[in-house]
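Notes follow the structure.
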Amino acid sequence: MLPAMQTMADHGHTVLAFESAATVEKSQEILADWGGAGETAMWWQLAIDVPFLVVYALLLAGLCTAVARRALAVGRLRLARAAVLFAWLGPLAAASDLAQNVSLALVLSGQQTQPWPMISAVAARVTTSLAVISVLFAAIGFLLTRGVPAGEPALSGEAD
């Protein structure tokens, strides 16, 4: 992804600027400044991002699932239930990222009208928010369950 991202930046705008442009005018300005090299780099970025979003969805879900297992092992049932719910944030972030990628592909292919730039901008915020919440939950969950290896039975009947 880095060479494509650098090409776009070298032509005046970052990939993040394009993803969050939100307006037709700003999207058109970025595409005009990028020219063919920037557009080609953005297509590469989108092609690489699709498998990447599957990987991070699985990673985030797996982290929260690990917290659920650890929480069950220490008898923290509410934390385990929460972890199961938070495990869905990774796939939801990836779905939002995919919606963003589709929107950007439509803009790149000539559909430079709303709602595509706005969908991309909103999806960028949603994707980032869900991923950050998921990572924070997993980190806090690991801290709350540290000291007991996953899979060990709970030592007490604590049912927080």
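Note that my numbering numbers the sequence shown so that position 37 is 30, with each residue one more than the last.
Positions of the beta carbon are idealized from the N, C-alpha and C atoms, including for glycine.
inquiry  = Could you tell me the alpha carbon to alpha carbon distance between Trp27 and Asp42, rounded to whole angstroms?
reply    = Indexing the sequence shown from 1 puts residue 27 at position 34. Indexing the sequence shown from 1 puts residue 42 at position 49. Roughly 19 angstroms between the two C-alpha positions.
key: Three-way DSSP call (helix, strand, coil) for Met(-6) in this model   = Residue mapping note: residue -6 aligns to position 1 of the sequence shown, counting from 1. Reduced to three states, the DSSP call for Met(-6) is coil.
Integer-rounded CB distance, given that Ala92 should sit under 8 angstroms from Ala116 = If you number the sequence shown from 1, residue 116 lands on position 123. If you number the sequence shown from 1, residue 92 lands on position 99. Right, the Cβ-Cβ distance comes to about 5 angstroms (below 8 angstroms), so this counts as a contact.
query = What do you get for Thr7, buried or exposed, if any count of 16 or more other CB atoms within 10 angstroms of its CB means buried?
reply = For the purposes of this step, residue 7 is identified with residue 14 of the sequence shown, where counting begins at 1. Exposed: under 16 other Cβ atoms inside 10 Å.
key: Ser96 to Ala66 span [Cα, whole Å]   = Counting from one through the sequence shown, the residue named residue 96 turns up at place 103. Counting from one through the sequence shown, the residue named residue 66 turns up at place 73. Distance between the alpha carbons of Ser96 and Ala66 is about 43 angstroms.
inquiry  = Please report the distance separating the alpha-carbon of Ala131 from that of Tyr49.
reply    = The count along the sequence shown starts at 1 and reaches residue 131 at position 138. The count along the sequence shown starts at 1 and reaches residue 49 at position 56. Going from the Cα of Ala131 to the Cα of Tyr49 covers about 14 angstroms.
key: Residue nearest to Leu129 in terms of C-alpha spacing, selected from Phe79, Pro110, Leu85   = Numbered from 1 along the sequence shown, position 136 holds the residue referred to as residue 129. Nearest option by C-alpha distance: Phe79.
request  = Identify which residue in Leu72, Glu22, Ala124, Ala2 has its Cα closest to the Cα of Gln38.
outcome  = Locating residue 38 in the sequence shown gives position 45, where the first residue counts as 1. Gln38 has its Cα closest to that of Ala2, out of Leu72, Glu22, Ala124, Ala2.
task = Enumerate in chain order the residues of its own chain whose CB-to-CB distance from Gly83 is below 6 angstroms, with the five nearest sequence positions on each side excluded.
result = In the sequence shown, counting from the first residue as 1, residue 83 sits at position 90. So the qualifying residues of the chain are Ala50, Leu53, Ala54, Ser127.
ask   = Can you list the alpha helix (DSSP H) stretches of 4 or more residues lying completely in the region -5 to 54, in chain order?
value = -5 to 3, 8 to 12
ask   = Do the CB positions of Asp90 and Thr58 come within less than 7 angstroms of each other?
value = Numbered from its first residue, the sequence shown carries residue 90 at position 97. Numbered from its first residue, the sequence shown carries residue 58 at position 65. No. Outside cutoff.
ask   = If you drop the 5 nearest sequence neighbours on each side, which residues of the same chain put their C-beta closer than 7 angstroms to that of Met(-6)?
value = Your numbering for residue -6 matches position 1 in the sequence shown. Only Gln38, Ile41 meet the Cβ criterion.
CB-CB length for Leu101 against Glu32, believed under 8 angstroms = Numbered from 1 along the sequence shown, position 108 holds the residue referred to as residue 101. Numbered from 1 along the sequence shown, position 39 holds the residue referred to as residue 32. Correct: roughly 6 angstroms between the Cβ atoms.
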